[in-house]
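In what follows, a single structure is set out as structure tokens and then discussed.
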Amino acid sequence: MGSVGHVQPQSIHFAEPLPLKSGSTLRDYTLVYETYGTLNAARDNAVLVCHALNASHHVAGTYDGQPKSEGWWDNLVGPGKPLDTNRFFVIGVNNPGSCFGSTGPMQIDPATDQPYGAHFPVVTVEDWVDAQARLLDRLGIRQLAAVLGGSLGGMQALSWSLRYPDRLRHCIAVATAPNLSAQNIAFNEVARRAIITDPEFHGGHYYAYGTVPKRGLRVARMIGHITYLSDDSMEAKFGRTMKGAVLGYSTQDIEFEIESYLRYQGDKFSEYFDANTYLLITRALDYFDPAREHGGSLTAAFAGARCKFQLVSFTTDWRFSPARSREIVKALLDNRLSVSYAEIDAPHGHDAFLLDDSRYHGVLRQRFANIADEVRA
Amino acid sequence: MSDRKGMELIADLVPPGSRVLDLGCGNGELLAYLREHRQCSGYVIEIDDANVLACTERGVDVIQLNLEEGLAIFEDQSFDVVLQLDTLQHLRHTERMLRETARVGRVGIVSFPNFAHWPNRVQVAAGRMPVTRVLPYQWYDTPNIRVGTFADFEVLARKNGLHVRESFGIQGGRAVRRFPNLLASVAVFKFDRG
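Heads up: the protein sequence lines correspond to chains C and V, in order. Each residue of the first sequence is one higher than the one before, counting from 106 in my numbering. Each residue of the second sequence is one higher than the one before, counting from 62 in my numbering.
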């Protein structure tokens, strides 16, 4: 099992405006993407990998001269890996509104010649899927062998099966949900409030002030991070381990290892992530709800789906719990669609979808092997 | 069903083209067989990770669920046939499971080790719990949390308003239709709600 090696992002500019679900449009945008492996002559061995909240088009491999720059799903994607780039042509694309190169709030709004900032239109999972479909048009790919995503990426994979039922053979949705629960929206709202109430935020136009709402971003990341872990995995990793040898009896200094870890994660995140992007992406999560347009019936929502489905959840994931995946499975069963579902008893909470648990990767490896046989890749 | 001939005898009970739900299917062999030889479609339900992977390898649709939690995910009468082979004896809520089988499927097919098979009777008469090829465990390490007989199931089916449409025993890969309660190590029933 190897790495795809050094990779280079590419970009495509789209002059045709993208109509958005909100009624607004994104005029004139750029998508940054990476590809690994080779598109076969039949152009049917492509797999699209959709990213979640804080990831990007950089799914696998490293950048030349940056040895620690592995892609976010490098343990899954590569030659001989479960999503085998010897057989598949894998595409990672950065969604509009993100902050890793595709058109987003940091970039110049052609209408005003100023950074979009808070004026960047609200984008949804469906808008991203439409943008991704246009990228495939440009790449000359009519039908994907599979769309794969975890968490928010899984929502995109599901949305693909609804919006473009004939353009994918398989939908592989990991640690995802048919919509966010009230508790989930609540966590997102806390994160957004932390950012918006940061004095450096300036209503989202902080670029003009030369500031970054880092305090808000830090807190947003800290709360997010807590929800991605399970109680057990936090206990195992940190427990009540103290930072120092003696108690400091301080209310403001770090006493416990877990505090130190969260602050470190928050600091690191605030250095590279854009605050407006955080707001946009958490909103896209909140809005995703395919059943909404079908009288609240997820079964009705999936009536038009045609592809085969593989769902995976993790028992200790309380943010995107197995019960939520089972709702999707039920809707697919009701529609007599082909669906497999693996419920992996992993201890790592929501983060498990990015780790290489052998049962989880075993199922995906076998599934992709079957898909490769199907398209004779 | 590790016994190939026994599996084929049970497969013969499934009408061609049926939409099948196989509960506690093991490695998915039976559904793969039904798909290939009897043009059936459907899903298997498994709890065990290794079996889930084995089903994936066969390209059989598998849903990882704990049967003890019931079949709420499935609508009434949503399958032509629900198979429950060699699993009933492992379940805590056997009767509820049987009712669920009859709710979800128009036809139910169950198989389980027949405790009244004569070698078992002989061993019990000799004062010991039986250890045989079909019941290979000692009383203290068996995963079978209950034992029942061919005759017992007829009573249980009646109690739950289920109509047995076909029943036989399996012994040595052959169907046993005369005195199955005595002569067969495995009991097989095909039933519906009438």
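Glycine included, C-beta positions come from ideal geometry on N, C-alpha and C.
Residue i - containing alpha helix (DSSP H), residue span
i	result
C/V521	Nothing can be reported for residue 521 of chain C: it is not among the residues displayed for chain C, which extend from 106 to 482.
C/R345	Counting along the chain, C/R345 falls outside any alpha helix (DSSP H), and DSSP gives it neither H nor E.
C/G206	That residue, C/G206, is in no alpha helix (DSSP H); it is neither H nor E in DSSP.
C/G321	319 to 333
V/I71	65 to 72
V/L132	Taken as a continuous stretch (DSSP letters only), V/L132 belongs to no alpha helix (DSSP H), as it is neither H nor E.
V/N88	Looking at the DSSP string, V/N88 is not in any alpha helix (DSSP H), and its letter there is neither H nor E.
V/Q150	Note, V/Q150: premise wrong, no alpha helix (DSSP H); not H, not E.
C/Y392	380 to 392
C/D439	427 to 439
Sequence-distant residues of its chain with Cβ nearer than 8 Å to residue i (five each side left out)
i	result
C/L403	P283, P395, A396, E432, I433, K435, A436
C/F361	F343, R345, T346, M347, K348
C/S355	none
Sequence-distant residues of its chain with Cβ nearer than 6 Å to residue i (five each side left out)
i	result
C/A457	F419, A451
C/N200	W233
V/G169	V143, T162, A163, F252
V/I106	L84, I124, L126
C/I117	L136, R243
C/R424	T332, H455
C/R320	D303
C/G254	C155, Q261, A262
C/A365	Reading the sequence as shown, one finds Ser at residue 365 of chain C and not Ala. K348, I359.
V/R80	S102, G103, F140, D141
C/K413	H275, S443
C/S161	N199, F205
Residue-chain proximity (residue i, chain C), Cβ-Cβ < 7 Å
i	result
V/S117	One detail in the question is off: residue 117 of chain V reads as Thr in this sequence, not Ser. Yes, its Cβ sits closer than 7 Å to a Cβ of chain C.
V/M62	Since pLDDT at V/M62 reaches only 42, below the 50 mark, its modelled position is unreliable, and no value is offered.
V/G169	no
V/Q125	yes
Proximity test, Cβ basis, 7 Å: residue i and chain V
i	result
C/H466	no
C/A447	yes
C/K435	yes
Listed by chain order, chain C residues near residue i by CB distance under 9 Å
i	result
V/F250	The premise fails here: V/F250 is roughly 26 Å from chain C at the closest Cβ pair, so nothing lies under 9 Å.
Listed by chain order, chain C residues near residue i by CB distance under 7 Å
i	result
V/D110	R464
V/E136	D439
V/G120	N475
Contacts that residue i makes with chain C (C-beta to C-beta distance below 8 Å)
i	result
V/Q100	Those within 8 Å of V/Q100 in chain C number zero; the least Cβ separation is about 15 Å.
V/L114	R464, G467, V468, Q471
Close beta carbons around residue i, own chain, < 7 Å, minus the five adjacent residues each side
i	result
C/W314	Rather than Trp, the amino acid found at residue 314 of chain C in this sequence is Tyr. Excluding positions up to five away in sequence, the list reads H307.
V/Y311	Because chain V here runs from 62 to 255, residue 311 of chain V falls outside it and cannot be looked at.
C/E231	K126, S264, R268
C/A408	N440
V/H151	P204, N205, I206
C/G222	P210, G309, H310, Y312, N381
Strand pairing of residue i, partner residues [DSSP]
i	result
V/E107	V/Q125
C/I449	C/F419
V/F250	V/V171, V/S228
V/C101	The partner list for V/C101 (beta bridge, DSSP) is empty, contrary to what the question assumes.
C/C155	C/G254
C/I196	C/T140, C/L153
V/G209	V/N175
C/V444	C/F414
C/Y311	For C/Y311, which the question treats as bridged, DSSP gives no partner whatsoever.
C/L249	C/L273
C/P124	C/T130
V/P180	For V/P180, which the question treats as bridged, DSSP gives no partner whatsoever.
Residue i - containing beta strand (DSSP E), residue span
i	result
C/H275	273 to 279
V/E227	224 to 232
V/D141	140 to 146
C/Q115	115 to 119
V/R80	80 to 84
C/E139	134 to 141
C/G107	Unbroken run through C/G107: none, as it is neither H nor E.
V/R235	235 to 237
Contacts of residue i in chain V (Cβ-Cβ under 8 Å)
i	result
C/V444	Y104, D122, I124
C/R429	Within 8 Å Cβ-Cβ: nothing; C/R429 doesn't reach chain V, min ~13 Å.
Chain V contact residues for residue i, given Cβ-Cβ distances below 7 Å
i	result
C/R247	Within 7 Å Cβ-Cβ: nothing; C/R247 doesn't reach chain V, min ~24 Å.
Cutoff 7 Å: residue i Cβ touching any chain A Cβ
i	result
C/A410	In summary, chain A is missing from the structure at hand, where the protein chains are C and V.
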